[in-house]
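Trainee: Numbering (my numbering), first residue to last: 515 to 843.
Idealized CB from N, CA, C, for every residue including glycine.
Note that the coordinates shown come from a computational prediction; the quantities given were computed from them, not determined experimentally.
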């Protein structure tokens, strides 16, 4: 008689990280379950595009993550051995309805999931997707696990509140719960609302003669950009340790938006300066101290380190966007 495979539950499975994570866990022999919105199941061609290749190998559960009963029923049904809580609202907005959505999606959903696991699957190991936005406007750089948090957006605040909630469940209830404080990470599955994908998509369109310009904000803005599949590997490593803990996952390298532009247009043999215009309404004030992470602890304890260069990541994204446009045409 064969033992049944271990089960993993992933919220945000249709996103960049969730889809790579699902593929990695399937390759390791796991049974993979994912939480998706009901409307995603009704529009799979668009909303399930990242998991289309593994759709028949995973089980999807329709739910709104800010509905406590929905999450409770899913945890009761799956009884996962590992749970990866990746789903979150990340858009920046100051409208009251949007702020309420961010709080309910990011904080309340984390609370509902933690309480459901404590009640129904207390041995389950939980990974929570933290963010460098928890540091916001930092005092020092690079930032590590001991750096002071100073969030500057409701998204960062909601992630920080969830981080403390996860730590509290670990201390008070003995839950094996970890937070990964991940810095920006990219791939061909990155959403089009992010500046890297905006740039690679524009370079692809210009290369194919479908567009002739790109409007951007502050090109001197700098970020710590890594590769999503490598960052997903760090998530899995955290839950394979003997004891739960929190880790910064980052490259420790800073690149500007202008660097990304140069890389993207170089991939198609063009000079970005001929096509890019600065639009003042997109310009955001830059923090005095840049967000750049120190992942030395993850390297020492998890044996994790970033490997892909940003230029190779951006080139991969441009080529994928060119193929996407050709396919859709």
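In this structure, does DSSP put residue 654 in helix, strand or coil?
Mentor: Three-state DSSP puts residue 654 in coil, outside helix and strand.
Trainee: Would you report the Cα separation of residue 746 and residue 531, rounded to the nearest angstrom?
Mentor: Their backbone Cα atoms lie some 6 Å apart in a straight line.
Trainee: Over the uninterrupted beta strand (DSSP E) stretch that includes residue 545, give me the two end residues.
Mentor: Its beta strand (DSSP E) spans residues 545-550.
Trainee: Let's test the definition: count the other Cβ atoms within 10 Å of the Cβ of residue 721 and tell me whether it reaches 16, buried, or not, exposed.
Mentor: Buried.
Trainee: Does the structure place the stretch 759-778 close enough to the stretch 809-818 that three or more beta carbon pairs sit under 8 Å?
Mentor: These segments touch.
Trainee: Run through the DSSP bridge pairs and tell me what residue 663 is partnered with.
Mentor: In the DSSP output, where bridge partners are listed per residue, residue 663 has none listed.
Trainee: Using three-state DSSP, classify residue 807 as helix, strand or coil.
Mentor: In the structure shown, residue 807 sits in a strand (DSSP, three-state: E or B).
Trainee: Which two residues bound the contiguous alpha helix (DSSP H) that contains residue 791?
Mentor: Taken as a continuous stretch (DSSP letters only), residue 791 belongs to no alpha helix (DSSP H), being part of the beta strand (DSSP E) at 790-792.
Trainee: Helix, strand or coil: which one does DSSP assign to residue 696?
Mentor: Residue 696: strand per DSSP, three-state reduction.
Trainee: What span of residues does the alpha helix (DSSP H) with residue 561 cover, start to end?
Mentor: Where residue 561 is concerned, the enclosing alpha helix (DSSP H) stretches over 558-561.
Trainee: Quick one: give me the first and last residue of the beta strand (DSSP E) that residue 596 is part of.
Mentor: Run containing residue 596: 596-599, per the beta strand (DSSP E) assignment.
Trainee: Helix, strand or coil for residue 668? Go by DSSP, reduced to three states.
Mentor: Residue state, collapsed to three classes: helix.
Trainee: Under a Cβ-count criterion, where at least 16 other Cβ atoms within 10 Å of its own Cβ denotes burial, should residue 621 be classed as buried or exposed?
Mentor: So residue 621 counts as buried.
Trainee: Assuming residue 491 and residue 562 form a contact by the criterion Cβ under 8 Å, report the distance between their Cβ atoms to the nearest whole angstrom.
Mentor: No statement about residue 491 is possible, as the shown extent of the chain runs from 515 to 843 and does not include it.
Trainee: Output the distance between the C-alpha atoms of residue 676 and residue 641, rounded to the nearest integer angstrom.
Mentor: In a straight line, the C-alpha of residue 676 is about 12 Å away from that of residue 641.
Trainee: Based on the DSSP output, what are the partners of residue 524 in its beta bridges?
Mentor: Looking at the DSSP assignment, residue 524 forms a beta bridge with 548 and 598.
Trainee: Measure the alpha-carbon distance for residue 650 versus residue 664 and round it to whole angstroms.
Mentor: Near 5 Å, if we compare the C-alpha coordinates of residue 664 and residue 650.
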